[in-house]
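Notes follow once the structure below has been shown.
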Amino acid sequence: MTQISQGAVPTAPPGERVPTEPAEAYEKPGTAADKAVTGFSHAVLIIWSILVILPLIWVLMSSFKTSSEIFASPFALPQHWSFQNYVNAWTTAGIGSFFFNSVIVVFGALILTMLFGSMSAYVLARFSFPGSRALYYLMLAGLTFPIFLAIVPLFFVLRGIGLLNTLPGLILTYAAFAFPFTVFFLYAFFRSLSKSIAEAAAVDGAGEWRTFFQIMLPMARPGLATVAILNFVGLWNQFLLPIALNTNPDNYVLTQAMASFASQAGYSVDFGALFAAVVITVVPVLIIYLIFQRQLQGSVSQGVSK
Amino acid sequence: MTALSSGGLTTGVASPGGVSPSGGLRRFGSARWRRRNLTFDKISFFLVFLVIPVAFYIGFVVSPFVQAAYFSLTDWTGFTPAMNFIGLSNYAKLFTDSTFLQAMSNNILMAIVVPIVTLGLAMFFATLVTVGGSTRGNVKGLRNSSFYRVISFFPYVIPAIVIGLIWSQIYDPSAGLLNGILTRLGLDQFTSFAWLGDPRTARWAVMFVIIWGLVGFYMVLFIAAIKGVPAEVFEAARIDGAGRFRTAISITIPLIRENVQTAFIYIGILALDAFVYMAALEPGGGPDNTTLVMAQELFNTAFTKGQFGYACAMGVVLAVITLAYAGLVFAVNRIFGGKSEVGE
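Top to bottom, those sequences are chains A and B. Our numbering applies: residue 98 is where the first sequence begins, and numbers increase by one. Our numbering applies: residue 22 is where the second sequence begins, and numbers increase by one.
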């Protein structure tokens with residue numbers, strides 16, 4: 098309890114400001130035990146929150162220190178708050194261009210997989226035809242088998258079509274591996290949309306193309322947003338596909354560039370720049386997260402409960 | 022409906038009418054007749070909407086899976102076209118390969134510890150946040166619960182590789198945060214203790230990082246699931262005299278059992294992979310290979326040693342273990358599911 102009252106989180110007596118319904122009839126008198134449990138709950142959650150935030154704050158602080166300062170003490174504040182580490186990370190280590198590569202690959206794959214995924218999910222959800230169940234299971238297989246099983250043949254598939262170590266090759270692969278999840282999620286979503294609307298559109302003379310793009314797709318917007326967010330996070334964090342299929346250093350995406358930068362930093366020991374690179378990687382995503390956290394958390398719970 | 026399903030794709034187009042009441046079918050009768058014709062609209066629609074995406078998916082995802090199964094039966098090195106069919110000898114070799122077996126047992130340990138600890142913590146936090154509030158008035162969560170939710174979820178948006186890099190710095194023997202804090206607390210034996218370099222601690226240190234990164238995600242998942250349970254259920258339990266923790270164990274968990282099962286499968290697949298975390302924390306397999314995972318061994322076998330056939334066999338074993346794990350989760354859920362339903 099003491100821990101809580103010190104913190105920024107005020108604990109007003111619970112149950113006072115919340116409008117009470119007839120439920121009050123079976124109120125319990127044991128408020129002391131109540132407070133103890135509530136206090137314990139807050140304490141546990143605050144400890145966990147500190148455990149989450151502390152490493153991130155430490156990284157932020159270290160990103161302003163020189164390598165010798167980092168080695169001198171893990172706690173001392175930097176002597177000069179200079180952005181030199183950031184400049185080094187962005188230009189010397191080339192984080193800037195890898196960031197750009199990531200943006201191209203992730204958005205390219207996102208557009209492709211959202212388009213293909215929504216179209217196929219729509220067809221599977223609305224029409225039953227011979228083989229539609231088989232297709233459904235084919236998608237399920239793609240979701241459950243580990244990518245590791247596919248990685249070696251995939252390497253040769255891409256080499257065969259001349260897209261190994263290229264960004265387009267990576268875009269296609271990302272899109273293909275995000276495809277089954279997209280279809281699965283949107284399948285459930287299109288199922289829940291009323292079929293009578295599509296039928297009405299057909300009566301009014303709309304072709305299948307028009308029905309999809311002008312009527313069904315706009316109706317599915319919430320579902321599309323959810324899948325897009327989940328796919329974005331998943332693809333942005335993808336690591337195995339790029340390090341296996343994209344070994345040309347010029348085409349590195351951010352995640353693999355970070356890994357290679359960290360292993361190089363082991364020799365040249367520019368830890369300050371490494372910390373700065375971590376901050377550069379994390380901050381944009383964190384800002385987007387804080388803006389969209391409600392949608393993102395909603396997406397996660399929807400995505401997994403389907 | 023039966024008449025429709027006898028045909029190919031185009032009759033399928035008309036079949037949604039079959040779901041609506043027969044009155045609807047009659048009303049759309051003429052439209053249905055028209056739709057039976059294979060117009061350009063329909064052919065192009067199915068071609069672009071289904072055939073092309075699925076062909077693309079098969080080419081990039083399904084066919085590699087199938088090829089991997091075949092390659093695993095060959096001695097292919099990838100750089101020569103020579104590919105001899107050697108039957109199951111890759112698998113025989115695999116089960117006498119002590120490095121791989123160690124990687125497998127490391128993975129299995131992780132697939133047991135990481136899901137149980139992560140989901141246990143996530144469920145605990147989710148319960149505190151959602152129904153841990155006062156027992157007076159409506160059933161509700163703690164104050165500021167959204168603050169805890171937002172913070173806990175942070176690590177999910179940080180790329181796993183970056184999480185690994187952050188923690189490899191925290192664990193750093195001399196300049197790391199962890200040893201800094203421990204020495205500050207007077208525990209001098211940790212002054213330059215190598216958490217990731219000592220075979221006794223390496224695997225636990227690594228597992229902690231994975232758990233740290235995942236708890237928030239599953240916490241959010243469980244919070245959403247618990248909020249989906251009608252409040253009356255909790256209120257009824259309270260009238261019957263159930264305390265908060267009794268409620269959590271006997272009401273909440275059984276009611277969101279499906280979500281727990283899904284969570285177990287997701288996180289188990291992740292723990293059986295764990296490649297990203299290891300690439301950042303223990304690229305060399307850790308002290309005495311205590312943190313080596315199958316995925317790392319597969320990657321090295323394929324892309325540094327060039328033994329592609331052998332690597333594919335590892336991939337197949339990894340896939341089989343993953344499926345077995347999923348099957349186990351389903352089975353456990355079924356066994357315990359029946360019991361707790363009786364218990365209600």
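Built from N, CA and C at the ideal position, the CB exists for glycine as well.
Taking a C-beta cut-off of 8 Å against chain B, none of the residues of the segment 181 to 199 of chain A qualify.
In this structure, residue 254 (chain B) keeps its C-beta atom at 8 Å or more from the C-beta atom of residue 277 (chain B). Residue 311 (chain A) does not reach chain B, its nearest Cβ partner there being about 14 Å away, counting only Cβ pairs nearer than 9 Å. Unbroken alpha helix (DSSP H) runs of no fewer than 4 residues, entirely contained in the segment 163 to 237 of chain B, are found at 166 to 178, 181 to 191, 198 to 205, following chain order. Take the alpha-carbon of residue 154 (chain A) and the one of residue 200 (chain A): they are about 26 Å apart. For the segment 318 to 333 of chain A, the residues whose beta carbon sits under 7 Å from a beta carbon of chain B are, in order, 330, 333.
When C-beta distances to chain B are compared with 9 Å, the residues of the segment 229 to 251 of chain A below that value are 229, 232, 235, 236, 238, 239, 241, 242, 243, 244, 245, 246, 247, 248, 249, 250, 251, in chain order.
Taken in chain order, the complete alpha helix (DSSP H) segments of 4 residues or longer contained in the segment 315 to 374 of chain A are 318 to 333, 337 to 342, 351 to 365.
Against chain A, a Cβ distance below 9 Å from residue 294 (chain B) picks out 243, 244, 245, 337. The residues 195, in chain order, have a CB closer than 6 Å to that of residue 354 (chain A) in the same chain once the five nearest residues on each side in sequence are set aside. Taking a Cβ-Cβ threshold of 7 Å, the residues of chain B close to residue 270 (chain A) are 81, in chain order. Bridge pairing for residue 312 (chain B): absent [DSSP]. Counting C-beta pairs with one atom in each stretch, the segment 259 to 268 of chain A and the segment 82 to 100 of chain B have fewer than three that are closer than 8 Å, which means they do not touch. For residue 167 (chain A), the CB contacts under 7 Å within the same chain, skipping 5 residues up- and downstream, are 159, 368, 369 in chain order.
Collapsing the DSSP output to three states places residue 106 (chain B) in a strand. Leaving aside the five residues that flank residue 211 (chain A) on each side, the residues in its chain whose CB is nearer than 8 Å to its CB run, in chain order, 279, 321, 324, 325, 328. When DSSP states are grouped into helix, strand and coil, residue 95 (chain B) belongs to the strand group.
Contact between residue 143 (chain B) and residue 239 (chain B) holds, since their C-beta atoms are separated by about 4 Å, short of 8 Å. Cβ-Cβ distances below 8 Å link residue 300 (chain B) to 182, 185, 317 in the same chain, with the five nearest sequence neighbours on each side left out; the list follows chain order. Around the beta carbon of residue 305 (chain A), a 10 Å sphere encloses 16 or more other beta carbons of the protein chains shown; the residue is thus reported as buried. Straight through space, the alpha carbons of residue 166 (chain B) and residue 256 (chain B) are spaced by roughly 20 Å. Taking C-beta separations shorter than 7 Å and ignoring five residues to either side along the sequence, the partners of residue 219 (chain A) in its chain run 287, 309, 313, following chain order. In the structure shown, the three-state DSSP call for residue 306 (chain A) is helix. Here residue 262 (chain B) carries a coil assignment [DSSP, helix/strand/coil]. Taking 9 Å as the cut-off between beta carbons, the residues of the segment 366 to 387 of chain A near chain B are 368, 371, 372, 374, 375, 378, 379, 382, 383, 385, 386, 387, in sequence order.
Counting the other Cβ atoms within 10 Å of the Cβ of residue 360 (chain A) gives fewer than 16, which makes it exposed.
Leaving aside the five residues that flank residue 246 (chain A) on each side, none in its chain has a CB nearer than 7 Å to its CB. In the DSSP annotation of this structure, the continuous segment of the alpha helix (DSSP H) that includes residue 281 (chain B) starts and ends at 278 to 294. For residue 114 (chain B), not one C-beta of chain A is nearer than 8 Å to its own C-beta. If you ignore the 5 residues before and after residue 311 (chain B), its C-beta comes within less than 6 Å of the C-beta of 220, 223, 224, all in its own chain and listed in chain order. The beta carbons of residue 78 (chain B) and residue 273 (chain A) sit closer together than 8 Å.
Each residue's CA atom was taken as its position, placing residue 173 (chain A) and residue 347 (chain A) some 37 Å apart. Among the CB atoms of chain B, none fall inside 8 Å of the CB of residue 177 (chain A). For residue 277 (chain A), the enclosing alpha helix (DSSP H) stretches over residues 264 to 289.
In the three-state reduction of the DSSP assignment, residue 177 (chain A) falls in the coil class, being assigned neither a helical nor a strand state.
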